[in-house]
Amino acid sequence: MEKNILKKDHVRPFLRKLARNSRLIAPLRTSHGDLLYQEIESIDSSEIDLSEQPQESAKQFLFPQQEQLFTYQSTSNGFTFSPRKSGMPTVLFGLRSCDISAILYMDVIFLRSPRDHYYLQKRKDTIIIGIGCNEPWDNCFCNATRTGPFLEIGFDLQLTDLGDRFYVESGRAVGDEILKKWPQFFSPVTDEDEKLRYQLMLEARSGFKRHVHVETAFQKIADNSVSPSVWEHLARRCDGCGGCAYICPTCTCFTIFDRPLSPHTGERLRTWDACTHDGFTRMAGGHNPVNTATDRLKRRFMHKLYFDYKQFNRPGCVGCGRCVGICFGGVDIAMFVDMVCAEKRDQRQNATVIGDLLIEAGLITRKQLYKALEKRDRTGMPLGNILMEMGIVTKEDIANCLADKVERP
Amino acid sequence: MAGLATTFGSGAMTNSINEITGAEVIFVIGSNTTEAHPQIARRILEAVDSGAKLIVADPRRTEISRSAHIHLQLRPGSDIALLNAMMRVILSEGLVDDAFIEMRTENFRELRKHLLAQDIDQLAAVSGIPASQIKKAARLYAGAQKGVICYCLGITQHICGTANVESIANLAMLTGHVEQAYTGVNPLRGQNNVQGACDMGAIPGVFPGYQQVSDPLIREKFERAWGKALPSEPGLTITDMTHRGRENGIRAMFIMGENPVMSDPDASKVEETLKGLEFLAVSDIFLTETARLAHVVFPAASFAEKCGTVTNSERRVQLMHQAIPPIGECRSDSEIIMELAGCLGYSMEYENSAEIMEEIALLTPIYGGIFHDRLETCWGLQWPCPTRDHTGTPYLHKYSFARGKGRFVPAENIMPDELPDDDYPFILMTGRVYHHYHTGAMTRASDILSREVPEAVLEINSYDAEEKGLRHGDMVSLRSRRGEMEVRVKPVDTISRGMLYVSFHFHESPVNRLTNPALDPVAKCPEYKVCAVNLEKA
Amino acid sequence: MMETGTMRESMRNAVTDNVFMPNETVISEIIEENSTIRTYTLRFTDRAAAFSFLPGQFVMLSVPGHGEAPISISSSPTSTDAIQLSVRRAGRLTSALHSMKAGEYVAVRGPYGVPFPVDELKGRDLLFVAGGIGLAPLRSLINYCRAKNGEYGKITLCYGSRSPSDIAFKNDLDAWQADGSVDVRLTVDVPERGWQGRTGLVTTLLDDLTINNSNSSALLCGPPVMIDAVISKLKESGMDSEQIITTLERNMKCGVGLCGHCHMEGVLICKDGPVFNVRTLENIMGATG
């Protein structure tokens, strides 16, 4: 594995050479302030912005939101089907670790047998240059899904921001080739660089603001200890809008439909689809084997956190946290994991009774309950004492609540 | 609109959307918030998650009512009875905010007298809700420090729409729940720019900014800017034009971005009126049912193809940028109007929408400080924003109501114009579904959205369905005094017996051929929410 | 996860067969099975596109302009070089197909999915239980077994329909009865005038049968409620759940395990099914409660 230094001043000349006959995709700030991976029209007039996580993943460049599969033409002698021509060589620059991990996941889905022709055509000539995250953002939890903040595999080149220069490591033969082809841009790493880089990696790992216990959730699902109320709570907040699936870098489900362009011609398209849609599993006669919002959410989270885990030994979630920001109802994967982890199996029944009573009485919030349950799981202290210690309720509050409960028929 | 104007002096959300999150009690009435206003519902659910109490009044067991602490499943059209009952409870249990009433309101004595003459049990019987539930809701709302009311078309689309709104305002003022942050009365607007359209004077009696056409000084201001004499009488309302166009002497019409053949009540009558015109021009992004009747159709640019502002429910004026150039021969609405005006001999020359905004600011005090360059750099400005250095107004009526003192306007319960009888024994309500927008002109062109909800579905109580021998998926023919249509039924337990519910997005099931064009006398809003129908297996 | 340079190499060298491209076929014959079911005989216009298949497999059928849907092959691979699809009018695509005439063109791609375990079934008595259109995939296997003269044991079919006029595949039922190759037993939910046969759910037909559990396999296809009832009945009577075989129907868009629509508890029905034995299904469903 080659290691080198690339001065920031030389990024633009380097990309100019690298992307000469390719489309170049990198994070750009739009005039309205959004940061998105975008195709760069002109290297000179575009300012690549590596200051934060782009709002969308790079999924669309390998698996577009809408893609023509072929056109059809019908004549009296039958049909002519003309497949769309393949994609062009692509350089993906400045990809975050989560987004690279998501591409590895898509590789598994689209390139097992049979291969997806359209994905393959784009993927086979794609160079991935990633950048590790020195500072995780508010909703990130790639540490829990083991997909960041720095990667060991998956990239052709990985950059680490050392201030005025990038530490560059090659992850694959293609990366080595690039370093060899344009040696003028790279200089050897010093001990100083190595130390600084290591320090940054350590700090990044401890910089996560959220702790989303993905593996614990997997265990709990495997033990069948997720209570139905968790699914129901989330289902009540799900509008089935599909936003989570569209923003998710590893959601690869799609639907296919025909769009007539004239009475005798048309195109067959595929578009992203979402398993939270009712029509996703509904059949032509109207029967739907996954008929309720609860079942759909269960299917969604189980797929990502359980079945993928079982099959690939890692979750189908890369911890990018984007679904946290997109959902109207707060039905994101991190929320689900938090809720699952906050439940303790043996005490679940009892604790939910007291907790629910306090929530019903308006004395505590659900968020506060989860926090308290988390602490109880850690310390083994009774839930009531924890809530009192947190200064949320008094002894009288709890007593009153329980008394009310006794009075009920 | 009219209801809040008579009571508060301004018809718009008194709070900002984000303030809902901080409310202590939220009272949702006549709003299917989760489906129709998901962004508002999101705030409501967040508030509930942090401990807020939620009261929902709706004849249907909607999604939002499932999260409610109290669901008041009232009879359609009995909102005033419910609100009066709540106020009666508040009055007799001494939960009124005396200081607020004294300092900020007028005409309380009238309301008090009116309420004291009411009997709670009788009102409860009219609304179909147990008195104990009403009392619980009244105490909860009145007892809160920060109480927010959200209402929508379930309140306004009745013949007593204005009185409904006035009653809501009465309730809020009685308990001092206005004029503050996290506390107020909030009409939710149905579309991204309904508020903006009203603000710009798309109401018969006003110029932009709710400036009355009857006021000679105002008229003079606009005449100087536009160089033309302007009428001093209010124009016609929509139903005056679409239902009584001939009587009102209308010979030609220009319809922009509306599909009244689908969306207006007694739609057959609308179609008849439009077909009888000497000339009809329609401007829309798709060839709608209305556009099909036109002599001339202007292909309009979609939101993504033009630049301009929209004003949302919370009075926030936001700038939308052009994302792609117009496809084909499409033109933006302003270009179409300008060119048309030019052909008609009135020159309208504006370089771009920013210049139009400058004229709005010049002539409309509440928009006085809103310019495109300011909007570029922020998430929008909330009117009133009178000057360039004003930062906008998150909540209305701080220090005092827009009209000075808030005015209590007592109301009696008014029964719907058309009640069920032997011939038409069911009450039909109309509404929306999450995946479609209005008459479906746009959303039905999306493959995924139309797959989600491919056709209209008539919800019927499962007991009624059983009695009628109807199974899920059966086609029925649904009849009212005005028209009929065919639709598939779905037995549910989310509505009471005797009621039916259907959405109006689908031209195959044009429910507005059935609905009642009876109007609220003030706001002129038709009673879409209640009409009497009968059904039989098709 | 898959990674390393070898994948990239294999991607470069891959022969890129595009699985989404359908092959044109011409409708050579249409049999009206009942008021909503028709059987279409399709011939590939390009002989080279013809494929071999086994009973239980399905194809993705295209009517360009109306989309694509999974349809199980209802003919036996032993019978002819054409394939037959039996299609019930249910949605947009099938309605379009039903409006077409012989000589018109449609397109198919496939065959997809795991077939019935034809080898393992050799020598066993076969009990077929079907409801409505569910007979389509079983028809393929029944005709296959008949053609493999003597390789399979006794064949019994219990077939339920909504009403006597809804009974589909009458030509087949008659032929099977006529040559004695299949013991055909019918029942209807709603009798009509003149109906002499059985009335009631298809499970009632099972009561008449003596099943040799040690040497019998059951093959089921029909509405989910019927399948559930038949499975519990057969298990009650002592049949091993491994010998109860069914084929599942799901919304599918690609047919080859890419689109995600038919995912069920970690299994892709299009690739891992649609044919499953009940023991496997129970394991799948039981994995997560």
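Protein chains in written order, with numbering that gives the first Met the number 0: chain A, 0 to 408; chain B, 0 to 537; chain C, 0 to 288.
Just so you know, even glycine gets a beta-carbon here, dropped at the ideal spot from N, CA and C.
* Asked: Closer than 8 Å, CB to CB, is Gly285(A) near chain B or not?
  -> yes
Going by the beta-carbon positions, is the gap between Gln52(A) and Gly86(A) smaller than 8 Å? no
| field | Residues of its chain near Met255(B), where Cβ-Cβ distance is below 7 Å and the 5 sequence neighbours each way are ignored | value | Ser282, Asp332
Minimum Cβ-Cβ distance from Thr70(A) to chain B less than 8 Å = Closer than 8 Å: no.
Notebook entry, point to check: Is Leu90(B) near the ligand NAD, going by C-beta to nearest heavy atom under 7 Å?
Noted result: For the ligand NAD, the structure offers nothing, since it holds no ligand at all.
| Straight-line gap, Met347(B) to Glu357(B) (C-alpha atoms, nearest Å) | 14 Å
task: For Ser44(A), count neighbouring Cβ atoms within 10 angstroms of its own Cβ and tell me buried if that reaches 16, exposed if not.
output: exposed
_Within chain A, the residues that Met20(C) reaches when beta carbons sit closer than 9 Å_ = Leu68, Phe69, Phe80, Pro82, His116
task: Please list the partners that Arg28(A) has in chain C, where partner means a Cβ-to-Cβ separation under 7 Å.
output: Simply none; closest approach about 32 Å.
Check: Are Ser61(C) and Ala106(C) closer than 8 Å when you measure CB to CB?
Finding: yes
Nearest candidate by alpha-carbon position, reference Leu273(B), set Asn258(B), Lys227(B), Ile284(B), Leu286(B): Asn258(B)
With 8 Å set as the bound, which would you pick, yes or no: does the beta-carbon of Asp238(A) sit closer than that to a beta-carbon of chain B?
Taking Cβ atoms only, chain B reaches closer than 8 Å to Asp238(A), which makes this a yes.
Check your understanding: Hey, how far is the Cα of Tyr308(A) from the Cα of Val213(A)?
Key -> Cα to Cα, the separation comes out at about 10 Å.
**OP:** Excluding the 5 residues preceding and the 5 following Leu276(B) in the sequence, name in chain order all residues of the same chain whose CB lies nearer than 8 Å to its CB.
**Re:** For Leu276(B), where only same-chain residues beyond five positions count, the Cβ hits under 8 Å are Gly244, Ile249, Arg250, Ala251, Met252.
Does DSSP put Arg77(A) in a helix, a strand or coil?
The residue asked about is misnamed: residue 77(A) is Gly in this sequence, not Arg. Three-state DSSP puts Gly77(A) in a strand.
ask   = For Leu44(B), which residues in chain A fall below 9 Å Cβ to Cβ?
value = Arg235, Arg236, Phe327, Gly328, Gly329
Quiz item: Should Val14(C) go down as buried or exposed, given a rule of 16 or more other Cβ atoms within 10 Å for buried?
Solution: Residue placement at Val14(C) is flagged as unreliable, the pLDDT there being 39, under the threshold of 50; the coordinate-derived value follows with that caveat. Val14(C) should be labelled exposed.
Item to complete: Check the Cβ of Ile108(A) against every Cβ in chain C and list those closer than 8 Å, keeping chain order.
Response: Leu257
Check: Can you find a C-beta in chain C that's less than 8 Å from the C-beta of His276(A)?
Finding: no
Beta carbons nearer than 8 Å to chain A: which residues of the region 18-35 of chain B have them? With the criterion set as a beta carbon lying under 8 Å from some beta carbon of chain A, the members of the region 18-35 of chain B are Thr33, Glu34, in sequence order.
Report back the beta-carbon spacing between Arg269(A) and Leu68(A) to the nearest angstrom; my notes put them in contact at under 8 Å. 6 Å
task = Answer yes or no: does any C-beta atom of chain B fall closer than 8 Å to that of Gly361(A)?
result = Closer than 8 Å: yes.
Next on the checklist: Let me see if you follow: with CB-CB separation under 8 Å, is Asp257(A) close to chain C or not?
Outcome noted: yes
At 7 Å on the CB atoms, spell out the chain A contacts of Gln38(B), in chain order. Phe327
Checking 8 Å against the spacing of the C-beta atoms, do Asn17(B) and Arg41(B) come in under that value?
No, these two residues do not count as a Cβ contact at 8 Å.
| Quick one: is Pro182(A) near chain E, going by C-beta distance under 8 Å? | Absence of chain E from the displayed structure is noted, the protein chains being A, B and C.
In the DSSP output, which residue or residues are listed as bridge partners for Trp271(A)?
Phe253(A)
Q) For Met428(B), which residues of its own chain have a beta-carbon under 6 Å away from its beta-carbon, when the five flanking residues on both sides are left out? A) Pro75, Tyr500, Lys528
Here's the rule I'm using: 16 or more other beta-carbon atoms within 10 Å means buried, otherwise exposed. How should Arg108(C) be labelled?
buried
Exercise. What residue does the beta strand (DSSP E) around Ser449(B) start on, and which one ends it?
Worked result: Where Ser449(B) is concerned, there is no enclosing beta strand (DSSP E), although the alpha helix (DSSP H) it sits in stretches over 446-451.
Next item on the list: Can you say whether Trp175(C) is buried or exposed, counting buried as having 16 or more other CB atoms within 10 angstroms of its CB?
Entry: buried
For the region 302-322 of chain B, which residues have a CB atom closer than 7 Å to at least one CB atom of chain A, in sequence order? His320
Query - Bridge partner(s) assigned by DSSP for Thr24(C) - result: Phe43(C), Val105(C)
Look at the alpha carbon of Gly439(B) and the alpha carbon of Asp263(B), and state the distance between them as a whole number of angstroms.
Between the alpha carbons of Gly439(B) and Asp263(B) lies a distance of about 14 Å.
Would DSSP call Met414(B) helix, strand or coil? coil
Item to complete: Would you tell me roughly how many angstroms separate the C-alpha atoms of Glu288(B) and Met199(B), rounded to the nearest one?
Response: So the alpha carbons of these two residues sit roughly 26 Å apart.
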